[in-house]
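Numbering (my numbering), first residue to last: 1422 to 2132.
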């Protein structure tokens, strides 16, 4: 019990228990406490306070990561927000966790209001989203009763489903046991009356933690219990990846990622000094902060705040952040008899091996026995004389107390956070000196992209070897004459231009706009004819750039145009050349957009290039004048196809003439399209690895940068 703990209830519990016991005693004709009714009521109120205290001790006290002293949940709680799952039922994704990430832009609702309005509520969320904490906090609100704003007179009963006897599951007996612990007489009758009258708020935590073999049995029991005692209020929690839409009556909601206001509120509760809060918030929102992504859920934000509290600053490098986070997680748990044989450093080495093998095999889930076998093997190497090793207990200890790995279902584990698994994978590659092997086998596999970026940051001998290998691999993709000519064009039209940007950034911006022009709707080219094209922007997609291609090449050409444009502009943006109108123009070319808006975006792009002075021989005033003239004559949708086609010809011709661009350079074979896509993908990866690298010779990067995006 903390020093500040106090009675938090008013009429929350006694408002239910006193009338029920008066009813019970009336039927019996005698009291259990004292000689008069007043004494009996006073005793029941005392027992009600005892129940409230018990709830507060069990569910209202939390221990923060890295801090020994426990605190009251209410003093640090940051209210979460919900979105309704029905808002995203139209999405088609491979799993609910992907749906969850895609749905963060849905309308959000106050979680407390939803929980008081909905009698049956299913709360979903990712690992660490705050599901359990929300259920516990709602129980505290119920204890306060109506005088403190809770609309319903009911007693909260918090039940962790993982602790039930699954062979003989009985929620009613669990409730009876809770009342017995508080000392209530005739707890069974109290439970029956409370259930019949609808006076309980039943909080069932962790459907996802029920063993797979028992899950349907448990769900059926919960459903039958809810149907039988439907007057009561129910809140159930489940990890979103494990949910299968199995609950009738229930409104399904999911906890949304934290917004900035919630992050600020969380920090205000975490830190005691206003100065410290201000400094932490300022560092977190620095443009180059690597910690910002760790503020989306309460658990991740706890990790970030714990690290800041230790050193009064956030790590400036992503890899350093992950390393410190792992150290904190692995050292914050108490040492037990089995785990004494493994130091945190040894545990991390084992986890790195497990992370790499699982990532290399593209496996999300890991059998407990597989992890235990690796631990036992490592322990026998360290302690060869050891006879009995309980490696299963060590696995459970790491999972429960550190949170680096989590048990998704009985005997099946995975890493709690994919970034930590990626970091450990990169660490293992560096330790084994498998950099060249990894580049050879996985370079253009986008799943391995974060591994390469992290590898550049943590390589003990410096990132020079990795970056030189990436450059060599990239060069192998641009051997065809047409691709060489394209890069030569980008170099020629930007060399010695007045803009104050590195040459490689100018070459990237030039290629980006060229392939922005080239973007087309491949399906309309292949499947449609002129009569079925309804709008001029579709004609733009079908016109000069790709019409000389065989139709079999059109789709690859258009897809590559989009990808190359995006990647090239990302490289330019990394150097400070940002053109916010590129995406809007790209969308105008690829979707059903009106021609006036398309021309407006073209004008905006031209204006940005005029100001940035990236090109060396482009008369932007003339270009802008021509685009304005075109805008004044945009044909409407009722004009004949020939007129709309002519409009697109003029718009197309304006760009091509302005940039001194040979349209044939944008007409690629499928092999050339794939090669160019890979080349720009690796080029962007090179820039990102350079930004991530802690140890890299400046001479190495200068040589690489000078050769990038040149024919």
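Note that the Cβ used here is the ideal one computed from N, Cα and C, for glycine as well.
Source: prediction; values computed, not measured.
*Which word fits residue 1480, buried or exposed, when buried means at least 16 other C-beta atoms lie within 10 angstroms of its C-beta?*
Buried is the call here.
*asked:* Do residue 1582 and residue 1545 count as a contact pair if the criterion is CB distance below 8 Å?
replied: In this structure, residue 1582 does not lie closer than 8 Å to residue 1545 by Cβ.
*Which whole runs of the alpha helix (DSSP H) in the region 1689-1714 are 4 residues long or more, in chain order?*
As far as the region 1689-1714 is concerned, its whole alpha helix (DSSP H) runs of at least 4 residues are 1695-1705.
*Tell me, please, whether the CB atom of residue 1636 is closer than 8 Å to any CB atom in chain D?*
Absence of chain D from the displayed structure is noted, only one protein chain being present.
*Buried or exposed: where does residue 1739 fall if 16 or more other Cβ atoms within 10 Å of its Cβ makes it buried?*
Buried, by the Cβ-count rule.
*asked:* If the criterion is Cβ atoms closer than 8 Å, does the pair residue 1992 and residue 2033 meet it?
replied: No Cβ-Cβ contact shorter than 8 Å links residue 1992 with residue 2033.
*residue 1878 vs residue 2115 beta-carbon contact at 8 Å*: Yes, the pair counts as a contact, with Cβ atoms nearer than the cut-off.
*May I have the straight-line CA-CA distance separating residue 2050 from residue 1894, to the nearest angstrom?*
Looking at the two C-alpha atoms, the distance is approximately 46 Å.
_So, with DSSP's three-state summary, where would you put residue 1835?_
DSSP places residue 1835 in strand when its eight states are reduced to three.
*DSSP three-state assignment for residue 1656, whether helix, strand or coil*: Residue 1656 falls in the strand class under three-state DSSP.
_Spatial neighbours of residue 1462 in its chain, beta-carbon cut-off 6 Å, leaving aside the 5 residues before and after_ = The beta carbon of residue 1462 sits closer than 6 Å to those of 1439, all from its chain and outside the five residues before and after it, given in chain order.
*Would you call the region 1884-1898 and the region 1857-1865 touching, i.e. three or more CB-CB distances under 8 Å?*
Cβ pair count under 8 Å is three or more, so yes.
*In three-state DSSP terms, what is residue 1459?*
Helix.
*Contact check, residue 1719 vs residue 1824, beta carbons under 8 Å*: In this structure, residue 1719 lies away from residue 1824, with their beta-carbon atoms at least 8 Å apart.
*Taking Cβ to Cβ, would you say residue 1680 is nearer than 8 Å to residue 1499?*
It is not a contact, given that the beta carbons lie outside the stated cut-off.
_Rounded straight-line distance, which links the Cα of residue 1697 to that of residue 1503_ = Each residue's Cα considered, the two are about 30 Å apart.
*What do you reckon, are the CB atoms on residue 2110 and residue 1887 nearer than 8 Å?*
Closer than 8 Å, so yes.
*asked:* Among the candidates 1657, 1584, 1563 and 1773, whose CA atom is the shortest distance from the CA of residue 1835?
replied: The candidate whose alpha carbon is nearest that of residue 1835 is 1773.
*Assuming residue 1826 and residue 1786 make a contact with CB atoms under 8 Å, what is their CB distance in whole Å?*
Not quite, the Cβ-Cβ distance comes to about 11 Å (not below 8 Å), so this is no contact.
*Own chain residues within Cβ distance below 6 Å of residue 1562, not counting five before or after*: Leaving aside the five residues that flank residue 1562 on each side, the residues in its chain whose CB is nearer than 6 Å to its CB run, in chain order, 1571.
*asked:* Tell me which residues share the same chain as residue 1652 and place their Cβ nearer than 6 Å to its Cβ, disregarding the 5 neighbours each side in the sequence.
replied: Cβ within range, chain order: 1619.
_From the DSSP secondary-structure annotation, give me the bridge partner or partners of residue 1546._
DSSP output for residue 1546 lists 1660 as bridge partner(s).
*asked:* If I measure Cβ to Cβ from residue 2161 and keep anything under 7 Å in the same chain, skipping five residues before and after, which residues do I get?
replied: The chain is shown only over 1422 to 2132; residue 2161 falls outside these bounds and no answer can be derived.
*Give the secondary structure of residue 1872 by DSSP, where H, G and I count as helix, E and B as strand, and everything else as coil.*
Here residue 1872 sits in helix by DSSP.
*Is residue 1741 helix, strand or coil when you go by DSSP?*
Looking at residue 1741 - three-state DSSP - the assignment turns out to be helix.
*Own chain, CB closer than 6 Å to residue 2122, minus 5 neighbours either side, in chain order*: Take residue 2122, set aside five residues on each side of it, and the residues of its chain with a beta-carbon closer than 6 Å to its own are 2111, in chain order.
*Straight-line CA distance for residue 1741 to residue 1875?*
One C-alpha to the other measures close to 10 Å.
*Might you give, ordered along the chain, the residues of its own chain that have their beta carbon closer than 7 Å to the beta carbon of residue 1629, omitting 5 neighbours on each side?*
These residues qualify, in order along the chain: 1659, 1660 and 1663.
*Through-space distance from residue 1528 to residue 1490, alpha-carbon basis*: Spanning the two alpha carbons is a distance of roughly 38 Å.
_Sequence-distant residues of its chain with Cβ nearer than 7 Å to residue 1847 (five each side left out)_ = Contacts found: 1872, 1875, 1876 and 1879.
_Cβ-Cβ distance between residue 1776 and residue 1845 below 8 Å_ = In this structure, residue 1776 lies near residue 1845, with their beta-carbon atoms less than 8 Å apart.
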